[in-house]
Every structure is written in structure tokens, then in C-alpha cells.
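Note that UniProt numbering numbers the sequence shown so that position 217 is 217, with each residue one more than the last. Even glycine gets a Cβ: it sits at the ideal position worked out from N, Cα and C. Let me begin by presenting the structure, written as C-alpha cells, before commenting on it.
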Amino acid sequence: MGRSYKRRHVCGARGRVLSRFYLSFNVHSPAHALTILLFLFFFPFSGFCCFSLRRFFCVAGNKMVGSIEALNEDLRINGAVEPLPEDFDATVVIVDPVPSAIVHNGLGKVEAQINKGKERREIVLGRNIHTTCLEVTEPEADDDVTGDREADMASVLARYKRALTERTKHHLGYPYNLDFDYGALSQLQHFSINNLGDPFIESNYGVHSRQFEVGVLDWFARLWELEKNEYWGYITNCGTEGNLHGILVGREVFPDGILYASRESHYSVFKAARMYRMECKKIDTLWSGEIDCDDFKAKLLSHQDKPAIVNVNIGTTVKGAVDDLDLVIKKLEEAGFSHDRFYIHCDGALFGLMMPFVKRAPKVTFKKPIGSVSVSGHKFVGCPMPCGVQITRLEYVNALSRDVEYLASRDATIMGSRNGHAPIFLWYTLNRKGYRGFQKEVQKCLRNAHYFKDRLVEAGIGAMLNELSSTVVFERPHDEDFIRKWQLACKGNIAHVVVMPNITIEKLDDFLNELLQKRATWFQDGKDQPYCISSDVGEKNCLCAKHKKLQHPI
């Protein structure tokens, strides 16, 4: 008896069924544990008692399915007995190789319920109390249990679908067009479609959608007036990648160039500056969110010795402001920058696809001295997965392009693998809607945005809507639960609603009616007052107590 042995006991069908029964137990109390132990005591198979006890303590200790304790049972063969060495050190055994379940992202329930969501959300890296997770566990080897597992996963997905349906009903703050139906393309989900490398040069990987991708690129090149033999581009994995690529092309053309961008540019522009170690000058903005071209010229004059790489916003993130491209070019010329000493990237994430269909809007076109334009495909187009389109001049991309022997192709993109399904979804939508379809949707969005802004002002809520925009900016609601319900994007004392093709008048009315009911509660005792947003949107658009008196003196 001086030697230790690994127990090798083979249970019959009855034992396997009962072991699965025990695995379903969660021990909550001593009484619960005693009940199970008494059952095991009277069970006639002593070998199975040992097996069950082992299973019991595994469950009681919160061992996950797939732990060494559980897997050892499945690895036993024909009841063989293997002796352990006398100097065996039990502490070296890995008890549980699979991470335990994450609950509340590391926060206790008490922490997770602090303030009950009434205070402004504080983001702490790695400890976001508003995020939960679905545990990933190891599957059982038994076919019967696997069937139960499939049913459980189907139930999880069904609940998730219901949650998505509900959240979609209250989606107002982010520029995603949720009005789409891609049922006809579901058949393509059975293929791993990957557009590796250059869209115009086929690689050794044959399961691609380059023919769709180039068709989409040709459509956008025509939209922005660039000939087929003069452009290069690709479908990106997101809008940020379009900005990263456009600015990278500018940096390759002018390695010592300075990046100029307004303070209200998308954060990806400043991310690019950090990634590429570029000197970056932030330009002041007008209250509308548009770049202040006087400040821009002043900064240009202070750095005339280096080329300029300029980010022009075709719709800023928060206020939907459109930078005056013609005025930006004029200021560059006035500051002594010839066309061969500057590169302009146009970030048209949302409005880059809307402006061409607004008659009074200035043109974004390659007939002007710009270097690249990018838009998001999951915003106005309504692609269900994040993607984007990046178009640049062919003469510029050669500085980036490299041969890749592994692919038997060339590559000038940022990412390696690229989603091959996205070009098909974009191609499908462009063919279904066409120019006239997009024009109708743009007109609808602008009309509904003006309606919503007017309703807010009529209700005494400060609001602003830029001329070429469908982004309505207004006073930030005082209830964070209300903000989360309607998924509003907020910055300081302002929030916004982005009116997209799927946003109806009825939904805007529902939101406004609920907002008015909430405001009656927030301000009923006089302790709270509407936020002053004059510094964000100008005094004429602010309806706080102070500015309302200035606009309507007694």
C-alpha cells in the first residue's frame, strides 16, 4: 500500500447517466451536499461511489467541464491501472487548464450595481461594468451531452437575436443604416471568401470576390470623377482603415510632411499620427464643428519649410460639420504651398456618400487637387459588417506597393486578409439602389433631420443642425439609463441623433415624447436645469435659462 495508483474504473451505461445527473448539480448548502452523500452511501456500486464523489467534489470546487479531473475519466482505457512514482509531486499537476468563468468582468455584483446607472459612465480599462460575457466551456465527449449543448447554444442565440431586435428599435445615436435585407446572399456564408492583397492582381488564393470589389471601386471612382486608369483603391475592413491608409499614402509621398487636422476630426486621424510617428497640428474649429481656416493658414505659415498632409472632414463625427474643401485649398495656396507640396485626404465616412446627391453641396472630386477619399460601407450604404472604400490616385500608391511571393501578387493595403463578403454586399446594394435610390434616401434623411430639429426647438430644447448634415445635436439628457436605452452618442453637454434611412418620423416622435416626459421629471423641483450648450453649438442655438432670456428679453 506504499504506492499510489491512478484509479481505473469503467462505469456502465447506468453510471454514465447518473454521472451526468450529478454534473448538473450546483451545491448551494451543507444540506444539499449531505443529500448527495447519503445517496452515494446507499448506492450499491462502490467503484461508482468513488467516481461520483470525485465528480461531486469537482462540481463543488467549481471545476469547469474539460478540466484535468474531468478529462482523466474520459482517457481511461479498459480499466488499466498506472502506478504513480513514489516521488510524485501533486503540486505540479495542472488542476484546471481552462480559464474560469468571467463574471461582471472581474467586478462583484455590488460594484456592478453602484449608482444603478444614474451617474455618468466611467470607463476603466479591463473593468467595464456595463459589459458582460458569455462563457466558453469545453464540450463533452458524450454524444447525448453534445446534443444538449447544441440545444443550449441555440437557446443562447435565440435570446441574443431577440435582444438585437429590441436594441435595433432604439438605435438613434450612431450612423448605421439598419434598413437592409440581404437574405439573397445568405447562401454565400458557406464559403471562406478572402480578398488577399491587391484587388487588381489575382493571387494564388482562388476563393475571392475581386470581380465584385473592382466593380464597387469603379462605381465610387465615377462618383468622385476619377478615370479607371488613374485610380487605385480597395475595400477596407472599416472606416478607420480608410483614414489610416489615406494618411499613410500622404506620409509616403511626403515622408517629412506635417499632418494638419481639425480638433473635431475622427479619433482615427490622430491614431494615424501616433502610429506613423508624424508631427501633427490640431486646427481650431468654428462652433459648427467646421475647420477654422484662419487658424489653419496661421499654422501653415509657421511651418512653410515642410510639406502639408491635410485631413479634410466630409462630416465630423459629433456635429456632422463639412469642412470647406475649396477654402482649405485656397489657404494652402495663399500660404505658399504649391500643388506638389501638399496632400489632402478626405474623410467622408458618412457624408462622403451623401453629399454627391445634394444639389447645393460643393463637390468632392478628384478634379480638385486631393489625394484620397474614404467612406464607410456599413454607414449610409447599410452593409451588415464593418467595411469601407478607399480611393487614391494610382501615381501615389506605387510608393506603398510591394511584391508578395507567398501570394503571387502585390500588396499596398494595410491589412493582410480582407473580408471577401463585404464587396458582394456593397455590390448588391449599389445595384439595387443606384444613384437615384441613394438620392431619394439622402433627401428623406435631410427632410427628417430638419423635422426633428424643429420639433426639439419648439419643445424648448436647444438644438443645432448643420446645413448639409443629418446629424441633429442637442442638450445631453440628464439620465444615463435613457441615453443607453436610445444609444445616444454624447460628448460633454451635448448628444446627437443621426437620422439614417431606417429612422422614421414615428421613431423620432417616440423618442421626443419620452424625452419630454423625462425632462418634466428631471427639472420638476427646480434643482436641475438644462445644460448650457452655447460653447458647443453657439449662443443662438442654446435654450438654457440664460440664453433663452437673451434671445427673448422681457
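Examine the ligand GTP and report whether any of its heavy atoms sits within less than 7 Å of the Cβ of L407.
For the ligand GTP, the structure offers nothing, since it holds no ligand at all.
Report the three-state DSSP secondary structure of D528 (helix, strand or coil).
coil
CA-CA distance, F212 and C544?
52 Å
Does the stretch 318 to 333 come close enough to the stretch 465 to 482 that 3 or more CB-CB pairs lie under 8 Å?
yes
Tell me the rounded alpha-carbon separation between D347 and N243.
7 Å
L325 vs K367 beta-carbon contact at 8 Å
no
Could you give the DSSP three-state label for I247: helix, strand or coil?
helix
First through last residue of the alpha helix (DSSP H) which encompasses C293
C293 to L301
Closer than 6 Å by C-beta to G239: which residues in its own chain qualify, once you throw out the five before and the five after it? Chain order, please.
A349, S376 and G388
Do you know offhand how far G538's Cα is from L456's?
16 Å
Endpoints, the beta strand (DSSP E) within which Y234 is located
Y231 to T236
E264: which of C542, H547 and D536 sits nearest, CA to CA?
D536
In the DSSP output, which residue or residues are listed as bridge partners for E475?
I494
Rounded Cβ spacing between N229 and G420 (contact assumed at less than 8 Å)
The pair is not a contact, with the Cβ atoms about 25 Å apart (cut-off 8 Å).
Given a threshold of 16 other Cβ atoms within 10 Å of its Cβ, counted over all protein chains shown, does Y267 qualify as buried or as exposed?
exposed
Looking only at C-alpha atoms, which of T413, E279, A158 and H378 sits nearest to G197?
T413
With DSSP collapsed to three states, give me the class of T285.
strand
C-alpha gap between E241 and V373, whole angstroms
12 Å
Would you call the CB atoms of K331 and K363 closer than 8 Å?
no
Simplified DSSP assignment, three categories, for N448
helix
Report, in whole angstroms, the separation of the C-beta atoms of W407 and V381, which I expect to be a contact under 8 Å.
Note on residue identity: the sequence assigns Leu, not Trp, to residue 407. At roughly 28 Å, the Cβ-Cβ gap does not stay under 8 Å, so L407 and V381 are not in contact.
For S534, report the span of its alpha helix (DSSP H) as first-last.
S534 to V537
Give the single residue among V145, H170 and L134 whose Cα lies nearest to the Cα of K507.
H170
When you compare the stretch 438 to 449 with the stretch 493 to 503, are there three or more beta-carbon pairs, one atom per stretch, that lie closer than 8 Å?
yes
Sub-8 Å separation of L400 and L248 beta-carbons
yes
With H, G and I counted as helix, E and B as strand and the rest as coil, what does DSSP make of H170?
coil
Would you say residue 574 and I201 are within 8 Å of each other, going by their C-beta atoms?
This structure gives no information on residue 574, because the portion of the chain shown stretches from 1 to 554.
What is the C-beta distance between P477 and K518, in whole angstroms, given that I count them as a contact (C-beta under 8 Å)?
7 Å
From what residue to what residue does the alpha helix (DSSP H) around L508 run?
I505 to W522
Neighbourhood of R402 by C-beta, 8 Å cutoff - its chain only, sequence neighbours within 5 removed:
R410, D411 and A412
For N105 and L157, I'd like the C-alpha separation in whole angstroms.
Note that N105 has pLDDT 38, beneath the 50 cutoff, so the model's placement of it is unreliable and the number below is only indicative. Their backbone Cα atoms lie some 21 Å apart in a straight line.
Closest by CA to I461, which one among A221, K440, C532 and D525?
C532
What would DSSP say about G388, mapped onto helix, strand or coil?
strand
8 Å Cβ shell around R149 - same chain, five flanking residues per side excluded:
P139 and E140
Answer yes or no: do S262 and I291 have a C-beta to C-beta separation smaller than 8 Å?
yes
Can you give me the Cβ contacts of V497 inside the same chain, cut-off strictly under 6 Å, excluding the 5 residues immediately before and after it?
L172 and V472
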